[in-house]
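J.: As given, the protein sequences belong to chains A and B, one line each in that order. Read in order, the letters of the first sequence correspond to residues 1 to 213 in the UniProt record's numbering. Read in order, the letters of the second sequence correspond to residues 1 to 213 in the UniProt record's numbering. Backbone N, C-alpha and C define an ideal beta-carbon position, used for all residues, glycine too.
2 protein chains.
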Amino acid sequence: MSAPQPTARSRRLPPAERRQEIIEAAAAVALEEGLAAVTYRSVAARLGCAPGLVHHYFDAVEALEAEAFTHAVSTDFERTFQEVEELGDAVQGLRHMLRVWVSESPEPHKTVWLDAWYMAARKPRVHAAVDHAMRITHSRLVEVLDRGVREERFASHDPDALAWQLLTALDGVIVHSSIGVNQGIVDVRRTIAHFTETALGLERDALASAFDD
Amino acid sequence: MSAPQPTARSRRLPPAERRQEIIEAAAAVALEEGLAAVTYRSVAARLGCAPGLVHHYFDAVEALEAEAFTHAVSTDFERTFQEVEELGDAVQGLRHMLRVWVSESPEPHKTVWLDAWYMAARKPRVHAAVDHAMRITHSRLVEVLDRGVREERFASHDPDALAWQLLTALDGVIVHSSIGVNQGIVDVRRTIAHFTETALGLERDALASAFDD
DNA sequence: GTTTCTGTTGGCCGCATGGCCAATAGCATT
DNA sequence: AATGCTATTGGCCATGCGGCCAACAGAAAC
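#1: Exposed or buried, alanine 128/A, counting other C-beta atoms within 10 Å across all chains shown (16 or more means buried)?
#2: Distance check for phenylalanine 154/B and leucine 202/B, CA to CA, integer angstroms please.
#3: Counting Cβ pairs closer than 8 Å, one from the segment 182–195 of chain A and one from the segment 24–40 of chain B, do we hit at least three?
#4: Taking its Cβ as the centre, do 16 or more other Cβ atoms sit within 10 Å of proline 159/B, making it buried, or is it exposed?
#5: Tell me the DSSP secondary structure of aspartate 76/A in three-state form.
#6: Leaving out five residues before and five after proline 14/A in sequence, what residues of the same chain have Cβ atoms less than 7 Å from its Cβ?
#7: How about histidine 176/B: is its C-beta nearer than 8 Å to some C-beta of chain A?
#8: Quick one: using the 10 Å Cβ neighbour count with 16 as the cut-off for buried, is isoleucine 185/B buried or exposed?
#9: Quick check on the DSSP output: the alpha helix (DSSP H) that includes lysine 110/A runs from which residue to which?
#10: Can you pull the chain B neighbours of phenylalanine 211/A, defined as C-beta to C-beta under 8 Å?
#11: So which residues of chain B does tryptophan 117/A contact, with C-beta pairs closer than 7 Å?
#12: Assuming valine 73/A contacts tyrosine 40/A under a Cβ cut-off of 8 Å, what Cβ separation, rounded to an integer in Å, is found between them?
#13: Quick check on methionine 134/B - is its C-beta less than 8 Å from some C-beta in chain A?
#14: Tell me whether the segment 84–94 of chain A and the segment 88–108 of chain B touch, counting them as touching only if at least three CB pairs, one residue from each stretch, are closer than 8 Å.
#15: Tell me which same chain residues have a C-beta within less than 7 Å of the C-beta of alanine 116/A, skipping the five on either side of it?
#16: Looking at C-alpha atoms only, which residue of Val144/B, Glu67/B and Ala161/B is the closest neighbour of glutamate 86/B?
#17: Is phenylalanine 154/A close to chain B, meaning its C-beta is less than 8 Å from at least one C-beta of that chain?
#18: Where does isoleucine 22/B fall in DSSP's three states?
#19: I think alanine 208/A touches glutamate 197/A, with their Cβ atoms under 8 Å apart; what is that distance to the nearest whole Å?
#20: In or out: serine 42/A buried (at least 16 other Cβ within 10 Å) or exposed?
#21: Is leucine 141/B near leucine 166/B, with beta carbons less than 8 Å apart?
#22: Using C-beta distances below 6 Å, list every residue in its chain close to alanine 63/A, excluding the 5 sequence neighbours before and after it, in chain order.
#23: Once DSSP output is grouped into helix, strand and coil, what is the label at histidine 157/B?
#24: Between which two residues does the alpha helix (DSSP H) holding leucine 141/A run?
#25: Can you give the Cα-Cα distance for glutamate 78/A and valine 149/A, rounded to whole angstroms?
#26: Classify glutamate 17/B: buried if its beta carbon has 16 or more other beta carbons within 10 angstroms, exposed otherwise.
#27: Quick check on phenylalanine 58/B: does DSSP put it in helix, strand or coil?
#28: Kindly indicate the opening and closing residues of the alpha helix (DSSP H) around arginine 46/A.
#29: Which same chain residues end up closer than 8 Å to tyrosine 57/A when comparing Cβ atoms and leaving out the 5 residues on each side of it in sequence?
#30: Please determine, among Leu162/A, Glu151/A, Tyr118/A and Arg122/A, the residue with the shortest C-alpha to C-alpha distance to serine 139/A.
#31: Does the Cβ-Cβ distance between histidine 176/B and threonine 168/A come in under 8 Å?
#32: Could you tell me which chain B residues have their CB closer than 7 Å to the CB of glycine 184/A, listed as they occur along the chain?
#33: Please compile the residues from chain B whose C-beta is within a distance smaller than 8 Å of the C-beta of threonine 111/A.
#34: Please tell me whether threonine 75/B has its Cβ less than 8 Å away from any Cβ of chain A.
#35: Looking at the structure shown, is arginine 190/B part of a helix, part of a strand, or coil, going by DSSP?
#36: For chain B, find out if any of its Cβ atoms is closer than 8 Å to the Cβ of alanine 8/A; answer yes or no.
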């Protein structure tokens, strides 16, 4: 099974292009089969090339895993933050973020996060990628909070601290949704929303209303 | 390297005893080298027996991993809850729990949790063990909260919901401490403590004082 | 002391992986 | 059209794994 992309093999691509193609294939593998399924062979198979070629561009599998994670996560990431910025209104932006990222269903990019956290403990290059991605997420979230403060939508307590606190809760949600524990029993989302409302001096349900279906 | 326990091989143990010995060795491997390092060979090496013997007691590695996780986690777990109960006072008990479980340093049993969450996604038996352990933790935490309510130390909102919310935050802390992100920058512990104080109608710093060094 | 039961051994197989390398063949330059 | 560069191939090796099994040996029963 799985000859998903036997792309009529356009041979001899310029290195930069081929490298990008490999990263995208690796990210696809990571999203569909898990980060651990990213191997020279699996990526090569998806691309329809020889495993040796993948090795030619990435001297170690770990580097490939790191790139795959970064690409898989940052696409979802960029899209969401793009949407948040386009919403203009900071409150609506936050609501959108909570709606997108705090769900009970295990989605591929959530699994990739969990895979990466696990691998980071023993693979330095993956750790570096994960650490970087988490810090980027934090700083982007801080930007949103800062913007809300500037626009006088939020009370200015400590955006930096609040961002870390929110990310801690969000990552906890990823874990719980991955295991499938506490499904539909308690609405942790609403708690996070209310917590944030309090921290930002928003009126009740300003954010939690994102979860009204 | 690593001939940690060439225990003067007491051959031919009664099955129940040998089985327990294997589980303990597997748990030790999981704590020291990670849950993924639990293999027929590694456990056998630590015990000083043949890999085939381990296989004789566990038909699949997955079963061994599940047992190793359960044993590794529940020892820490039982000890902590034992201490909490011995403290008598529910508020002091909660403080103790937060102090023990919400730390920034990555400790072995935290890593085991992360390993298990990761493995649970693709190994049914590990998933069952993790799911069970999480539900047990939740119910034990609810007991503590209920006790506090009965003793009129806590205001009785929703112990069941609060327990899940706390565990979500705690598991998020495990992830972040594992990556080592946000080290010493923001005191998430204090936030969790304050959040809990509010939820339980405790006075400010009733729990957070656990973190005064 | 002999027999019986079964805990235990040691080795085997098939498989997938990471990593490596000489040989090949596509594309650009001339 | 001939040449040179290099992207690409295909196969190789060692390692470690899960799983299996016939043979062995220690302890208990007779």
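T.: To lay it out plainly:
#1: exposed
#2: 7 Å
#3: no
#4: buried
#5: helix
#6: none
#7: yes
#8: exposed
#9: 108–120
#10: Result: empty, since nearest Cβ-Cβ is about 15 Å, beyond 8 Å.
#11: Leu114, Val175, Ser178 and Ile179
#12: The Cβ separation is near 22 Å, so there is no contact.
#13: yes
#14: no
#15: Leu35, Phe69, Val126 and Val130
#16: Val144/B
#17: no
#18: helix
#19: 7 Å
#20: buried
#21: yes
#22: Arg125
#23: coil
#24: 124–150
#25: 22 Å
#26: exposed
#27: coil
#28: 40–47
#29: Pro15, Arg18, Arg19 and Ile22
#30: Leu162/A
#31: yes
#32: Those within 7 Å of glycine 184/A in chain B number zero; the least Cβ separation is about 11 Å.
#33: Ala121
#34: no
#35: helix
#36: Unreliable positioning characterises alanine 8/A in this predicted model, as indicated by a pLDDT of 47, which lies under 50. The coordinate reading is nonetheless provided below. With 8 Å as the cut-off, alanine 8/A does not count as an interface residue toward chain B.
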